[in-house]
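A short write-up of the structure that comes next.
Numbering (the numbering used here), first residue to last: 15 to 315.
Written as structure tokens, this is what we have:
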């Protein structure tokens with residue numbers, strides 16, 4: 015057993031000998047089981063004084079393959095990161111073709127980036143963030159940005175209205191009414207994201223009057239997944255808005271036992287009446303919607 019532990023320490027020492035940081039995805043249970051089966055076989059071969067070259071090669075190949083897979087995943091992943099009372103969403107394109115963050119969360123009492131956002135990014139094998147979109151400048155949406163930029167590679171930050179962005183894997187269209195609003199919540203960026211064959215609508219903290227203005231301008235919009243506005247506030251997610259969109263899944267970023275009573279009972283009732291599946295960070299923690307070949311899988315962490 016001591017010899018087995020010794021070989022494991024040798025492997026870890028080899029990995030940590032590199033100067034550059036290597037980000038590994040959090041290993042799955044099947045990977046851990048396979049890893050220890052191979053390691054145990056190496057131990058048996060040593061006991062029998064047989065060649066261990068093949069098993070060592072297999073173990074190294076397993077580690078390298080897992081690292082490559084953690085970065086170059088073949089599916090689209092849209093995650094809601096649990097940042098307490100705040101919003102933070104991650105969009106990962108297949109084969110590491112793009113990593114986008116929508117809002118960062120923020121808490122004035124502790125560093126959300128170090129405690130919540132970065133650990134999640136590393137657990138998913140995210141090497142860098144290509145773009146951070148800030149829906150609006152409320153602290154619970156952007157407060158962790160500075161800390162994140164200091165500790166993680168962020169290529170670009172977007173916090174103003176942009177023209178439609180489109181490539182083979184993703185389309186990002188910002189919806190905007192023709193009304194000039196006085197408050198930050200009303201001026202939240204509203205983003206319709208199409209990726210992996212699904213349409214996602216991210217709504218920031220827009221209240222019901224903005225929802226109605228968007229409905230007047232755009233009419234009905236095909237939406238599969240909705241990021242519920244303002245953490246499920248009763249001042250958002252109006253009946254009119256659900257005439258505009260009818261998602262299959264609703265994502266709510268909300269803190270457990272928060273002072274605002276989010277999500278409001280009326281909002282949950284409206285979602286349930288429409289048989290919309292509800293995912294919320296106060297009950298589910300961080301979660302991901304994984305899409306591949308027209309199908310989706312919900313994964314909770």
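Idealized CB from N, CA, C, for every residue including glycine.
On a predicted model such as this, the values are computed, not experimentally measured, just so you know.
What residues are listed by DSSP as bridge partners for residue 115?
To locate residue 115, count along the chain shown from 1; it is residue 101. Paired residues: 104 and 146.
Tell me residue 286's beta-bridge partners as DSSP assigns them.
Counting from one through the chain shown, the residue named residue 286 turns up at place 272. Answer is none; residue 286 lacks a bridge partner.
Three or more beta-carbon pairs under 8 Å between the segment 283-300 and the segment 252-271, yes or no?
yes
Contact belief for residue 172 with residue 159 at Cβ below 8 Å, rounded distance in angstroms
Stepping through the chain shown from its first residue, residue 172 is reached at position 158. Stepping through the chain shown from its first residue, residue 159 is reached at position 145. With a Cβ gap of about 11 Å, residue 172 and residue 159 do not count as contacting.
Grab the span of the alpha helix (DSSP H) containing residue 132 for me, first residue to last.
Here residue 132 is taken as the residue at index 118 of the chain shown, counted from 1. Unbroken alpha helix (DSSP H) run through residue 132: 132-137.
With DSSP run on the structure shown, which of helix, strand or coil describes residue 165?
In the chain shown, counting from the first residue as 1, residue 165 sits at position 151. Helix.
Start and end of the beta strand (DSSP E) containing residue 310?
Counting from one through the chain shown, the residue named residue 310 turns up at place 296. First-last of the beta strand (DSSP E) with residue 310: 309-314.
Going by the DSSP bridge assignment, what does residue 264 pair with across the sheet?
Looking up residue 264 in the chain shown gives position 250. 240 and 292.
Assuming residue 216 is part of the beta strand (DSSP E), what are its boundary residues?
Stepping through the chain shown from its first residue, residue 216 is reached at position 202. Residue 216 -> beta strand (DSSP E) spans 212-216.
In the structure shown, what three-state DSSP assignment does residue 86 receive?
Indexing the chain shown from 1 puts residue 86 at position 72. Residue 86 falls in the coil class under three-state DSSP.
Skipping 5 residues on each side, what residues in its chain have a beta carbon closer than 6 Å to that of residue 210?
Position 196 of the chain shown, counted from the start, is the residue given in the question as residue 210. So the list reads 90 and 305, once near-sequence residues are dropped.
Roughly how many angstroms separate the alpha carbons of residue 165 and residue 125, rounded to a whole number?
For the purposes of this step, residue 165 is taken as the residue at position 151 of the chain shown. For the purposes of this step, residue 125 is taken as the residue at position 111 of the chain shown. Each residue's alpha carbon lies about 12 Å from the other.
Below 8 Å, how does it come out for the segment 88-106 and the segment 189-206: are there three or more Cβ pairs, yes or no?
no
Would a C-beta distance cut-off of 8 Å place residue 241 and residue 103 closer than the cut-off?
Position 227 of the chain shown, counted from the start, is the residue given in the question as residue 241. Position 89 of the chain shown, counted from the start, is the residue given in the question as residue 103. Cβ distance < 8 Å, so residue 241 and residue 103 count as in contact.
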